[in-house]
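Written below as structure tokens is the structure these notes are about.
Numbering (full-length UniProt numbering), first residue to last: 1 to 762.
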């Protein structure tokens, strides 16, 4: 299929080594020692006093007698660091939603000083001081959505608990093809152009066949950073988006667990200390039950089965914390139950991650090592039609150093990939491949504070596929400005150059398929994209916030499967260019018992390719078309209220119709092999003939989900939570897609009433 393109790549290796040496010299202890007098550095971890778990997003404020001197937010690991205040006596104030505020005097002197913070939980409402501190450390950035477990719980789900998948589908930057298949499209990109990391470990397709669920239930998530574009050079080999998930550790001080059930899935969780206060375990398992329950509940076949299992070990000390994580997911089912085709996919990911800082320098080191394997196939009663396996072994090291003027960062990675696939389909014959790819990567970056109001964060990354002459150089920039040093308004921009050395082949004309075949560097030039986006975030009042973003992306050399007038899956690829642009508006109101939000997303995606390359039969020299994820308008409304001792939630969503490919007829294909001595009678194979690709549009989509959840105290240490609700409450007949093979319309889920329960104990 593709040549190895092995060339003299010694100059490319030299460039890569230079980047690694620059990182090492920039952050070495010897270099740090030459930078003048020893600075004042205050740091530590913010943790829950009852469980010992790190608290992400806690507000850490250093005050003198009259004003705020420094303010930071704790990281996803609960780590905070305040660099460069003058030696003096201060007050350290640490606050977090739902916890008592910790205030203590601190005397700071030159050198490193560690202060561990343990916050006690409380039930009272958040006071005005904490709200002010949260605004002060506001982290709004163009393209970035920081997600906490409390955010996930605002989305109605069929049963107690919530899931990251349901929350992502509610964002105006995310488009989906339907409520089945597990595919997310972000601002013009495809699912294979999304990078997903779990504690630094890659995972390829963690979203289940039923779109409400993923490998990330709210019981496991500590925090997640979702970049819809414009991300820095620490994230490489992806064109569209990044989802960086941090799982929480198990309870470090006491044993706890729970079980839950609903018409869709049942789950169980257990966690507790291994060594009290310093190490813990966490195990979570979930199994779908919709396959046997669905026909009775919905009156139709529901051939969907999935499960996920997550196990985690965690240990921490005064200046470090490490985790070992394993994840297994499995999905099996039919996107259209009337079809003979059955889809399967599975993820297996495991790895180790450690965060540490030295006792004599303000340097932070984050290192991870892990492996991930993804398999998927399509089968029917006669056996497997298509199968593909992707495997990666990854090592990643990142370092960060803070100075009085800002921060520097850098790191490098080594990835070993294997891509294997095979196809057996009519009209194509057998097509298979098995190849390895070794990649070296590195980046350097900085966060430069210009006064108190402006931060500029340039970075540059590189990747070298060993043996190929495709060294990438990817400059990027993020910047923000708070006019007048206001803690209520922020303007931000982000952009840069992005390249991806591996991508997946999929026939997007068939929405009833969920098959991906990953290939290494499918074109002579790796696909690339240019991102440009700008955002405005305004805290209008203590309760009301507005966020507006606009974006523009261009993409070149995207691998798309060549078109054929009949439906076949082939790995003959054509290069295509794309343009995507649009924006979003989000309005949020949070006051006491009431939580409201409204969002609108606008997006236009256009692909173009040379007609000869694409294999199109429509005439002309260039074919321009809108792909199936060109979902122009999306509207989302959400309301949650604490009433009757519980929480009532409503979510309404609307989107305009997506492009799809129509058919103009069918015939029988005669496959005559060899020489025949005598006449034979054959009817041939039935064959569908495509019309203009993506020439039609589906009807608009809208749906209302509703739920009410209430906890009950059974006895001390044991709680029962009941939830009742309905998905698609007014039973809208939304079109999923038109199955051209069966000449029938396939709808999305009808109204799904449910009752779920959860029992938790401690």
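Built from N, CA and C at the ideal position, the CB exists for glycine as well.
Original post:
Any idea if residue 451 is buried or exposed, counting beta-carbon neighbours within 10 angstroms, 16 or more meaning buried?
Top reply: Sequence index remark: in the chain shown, residue 451 carries index 451 (1-based). Its Cβ having fewer than 16 others within 10 Å, residue 451 is exposed.
**OP:** Answer yes if the stretch 438-453 comes into contact with the stretch 406-414, meaning at least three C-beta pairs across the two stretches below 8 Å, and no otherwise.
**Re:** yes
Original post:
CB-CB under 7 Å to residue 274, same chain, minus the five flanking residues each way: which ones, in chain order?
Top reply: Looking up residue 274 in the chain shown gives position 274. Taken in chain order, the residues that qualify are 280, 281.
**OP:** Flag this pair as touching only if the stretch 452-469 and the stretch 103-110 have three or more C-beta atom pairs under 8 Å; answer yes or no.
**Re:** no
**OP:** Take residue 717 and list the residues in its own chain whose beta-carbon comes closer than 8 Å to its own, dropping the five residues that flank it on each side.
**Re:** The sequence position of residue 717 within the chain shown is 717, counting from 1. 761, 762.
**OP:** Would you check if the distance between the CB atom of residue 639 and the CB atom of residue 605 is smaller than 7 Å?
**Re:** Here residue 639 refers to the residue found at position 639 of the chain shown. Here residue 605 refers to the residue found at position 605 of the chain shown. Not in contact: residue 639 and residue 605 (Cβ atoms no closer than 7 Å).
**OP:** List the endpoints of the continuous beta strand (DSSP E) containing residue 577.
**Re:** On the chain shown, position 577 is the one that residue 577 refers to. Looking at the DSSP string, the run of the beta strand (DSSP E) that includes residue 577 is 573-591.
Original post:
Would residue 787 pass as a contact of residue 72 if the rule is Cβ separation under 7 Å?
Top reply: The structure shown does not extend to residue 787, since the chain spans only 1 to 762, so no value can be given for it.
**OP:** Would you tell me roughly how many angstroms separate the C-alpha atoms of residue 635 and residue 488, rounded to the nearest one?
**Re:** On the chain shown, position 635 is the one that residue 635 refers to. On the chain shown, position 488 is the one that residue 488 refers to. Their backbone Cα atoms lie some 26 Å apart in a straight line.
Original post:
If you draw a straight line from the alpha carbon of residue 346 to that of residue 757, how long is it in whole angstroms?
Top reply: The residue given as residue 346 occupies position 346 in the chain shown. The residue given as residue 757 occupies position 757 in the chain shown. Roughly 28 Å between the two C-alpha positions.
Subject >> Straight-line gap, residue 660 to residue 607 (C-alpha atoms, nearest Å) >> reply: Here residue 660 is taken as the residue at index 660 of the chain shown, counted from 1. Here residue 607 is taken as the residue at index 607 of the chain shown, counted from 1. Looking at the two C-alpha atoms, the distance is approximately 14 Å.
Subject >> alpha helix (DSSP H) segment containing residue 149, residue limits >> reply: Along the chain shown, one-based indexing puts residue 149 at 149. 149-152 is the span of the alpha helix (DSSP H), which, as asked, contains residue 149.
**OP:** Decide if residue 109 is buried, meaning its Cβ has at least 16 other Cβ atoms within 10 Å, or exposed.
**Re:** Taking the first residue of the chain shown as position 1, residue 109 is located at position 109. Per the 10 Å Cβ criterion, exposed.
Subject >> residue 753: first and last residue of the uninterrupted beta strand (DSSP E) it sits in >> reply: If you number the chain shown from 1, residue 753 lands on position 753. Counting along the chain, the beta strand (DSSP E) containing residue 753 begins and ends at 752-761.
Original post:
Do you know offhand how far residue 763's Cα is from residue 476's?
Top reply: Residue 763 lies beyond the stretch modelled for the chain, which goes from 1 to 762, so this question has no answer here.
**OP:** Can you tell me which of 394, 238, 68 puts its alpha carbon nearest to the alpha carbon of residue 503?
**Re:** Along the chain shown, one-based indexing puts residue 503 at 503. Closest by alpha carbon: 238.
Original post:
Looking at C-beta atoms only, is the number of pairs between the stretch 199-208 and the stretch 150-161 that lie closer than 8 Å three or more?
Top reply: no
**OP:** Examine chain B for any beta-carbon lying closer than 7 Å to the beta-carbon of residue 437, and answer yes or no.
**Re:** Absent from the structure: chain B. Only one protein chain is present.
Subject >> Contacts around residue 313, its chain only, beta-carbon distance under 6 Å, and the 5 residues preceding and following it disregarded >> reply: As a first step, residue 313 must be located in the chain shown, where it is residue number 313. Same-chain partners within the cutoff: 281, 324.
Original post:
Taking buried to mean at least 16 other C-beta atoms within 10 Å of its own C-beta, is residue 67 buried or exposed?
Top reply: Here residue 67 refers to the residue found at position 67 when the chain shown is read from its first residue. Classification of residue 67: exposed, given that the 10 Å Cβ count is below 16.
Original post:
Short check: CB of residue 214 to CB of residue 227, under 7 Å?
Top reply: Taking the first residue of the chain shown as position 1, residue 214 is located at position 214. Taking the first residue of the chain shown as position 1, residue 227 is located at position 227. No. Outside cutoff.
**OP:** Please specify which runs of the beta strand (DSSP E), each continuous and at least 3 residues long, are wholly inside the stretch 266-319, giving them in chain order.
**Re:** 279-288, 304-316
Original post:
Nearest-angstrom Cα distance between residue 647 and residue 709?
Top reply: As a first step, residue 647 is located in the chain shown; it is residue number 647 there, counting from the start. As a first step, residue 709 is located in the chain shown; it is residue number 709 there, counting from the start. If you take the alpha carbons of residue 647 and residue 709, they lie about 5 Å apart.
**OP:** Note down the Cα distance separating residue 176 from residue 186, rounded to an integer number of angstroms.
**Re:** By 1-based counting over the chain shown, the position of residue 176 is 176. By 1-based counting over the chain shown, the position of residue 186 is 186. Going from the Cα of residue 176 to the Cα of residue 186 covers about 9 Å.
**OP:** Work out the CA separation of residue 332 and residue 746 for me, nearest whole Å.
**Re:** By one-based count along the chain shown, residue 746 stands at place 746. By one-based count along the chain shown, residue 332 stands at place 332. Roughly 18 Å separates the two Cα atoms.
Original post:
What beta strand (DSSP E) runs, 3 residues minimum, are completely inside the stretch 354-403?
Top reply: 363-380, 383-403
Original post:
In chain order, which alpha helix (DSSP H) runs of at least 4 residues are fully inside the UniProt domain "TonB-dependent receptor plug" (160-236)?
Top reply: 164-168
**OP:** Evaluate the contact criterion for the stretch 546-557 versus the stretch 573-591: three or more CB pairs, one atom per stretch, below 8 Å.
**Re:** yes
Original post:
With residue 754 and residue 729 assumed to form a contact (beta carbons below 8 Å), what rounded beta-carbon distance in angstroms separates them?
Top reply: Within the chain shown, the letter at position 754 stands for residue 754. Within the chain shown, the letter at position 729 stands for residue 729. Residue 754 to residue 729, Cβ: 11 Å. No contact.
**OP:** Find the nearest neighbour of residue 266 within the set 285, 538, 95, judged by alpha-carbon distance.
**Re:** Position 266 of the chain shown, counted from the start, is the residue given in the question as residue 266. Taking only the C-alpha atoms, the option nearest residue 266 is 285.
**OP:** Taking only the alpha-carbon atoms, compute the straight-line gap between residue 196 and residue 328 and give it to the nearest angstrom.
**Re:** As a working mapping, residue 196 is identified with position 196 in the chain shown. As a working mapping, residue 328 is identified with position 328 in the chain shown. Approximately 15 Å between the Cα atoms of the pair.
Subject >> Backbone secondary structure at residue 764 - three-state DSSP >> reply: This structure leaves residue 764 out entirely; the chain is present only between 1 and 762.
Original post:
In the DSSP assignment, what residue or residues form a beta bridge with residue 604?
Top reply: Here residue 604 refers to the residue found at position 604 of the chain shown. DSSP output for residue 604 lists 581 as bridge partner(s).
Subject >> beta strand (DSSP E) segment containing residue 730, residue limits >> reply: Counting from 1 along the chain shown, the entry for residue 730 is found at position 730. From DSSP, residue 730 is part of no beta strand (DSSP E); its letter is neither H nor E.
Subject >> Selection from 351, 343, 365, 557 that minimises the alpha carbon distance to residue 319 >> reply: For the purposes of this step, residue 319 is taken as residue 319 along the chain shown, with counting starting at 1. Closest option to residue 319, Cα to Cα, is 365.
Original post:
Where does residue 769 sit, in a helix, a strand or coil, going by DSSP?
Top reply: With the chain covering only 1 through 762, there is no way to say anything about residue 769.
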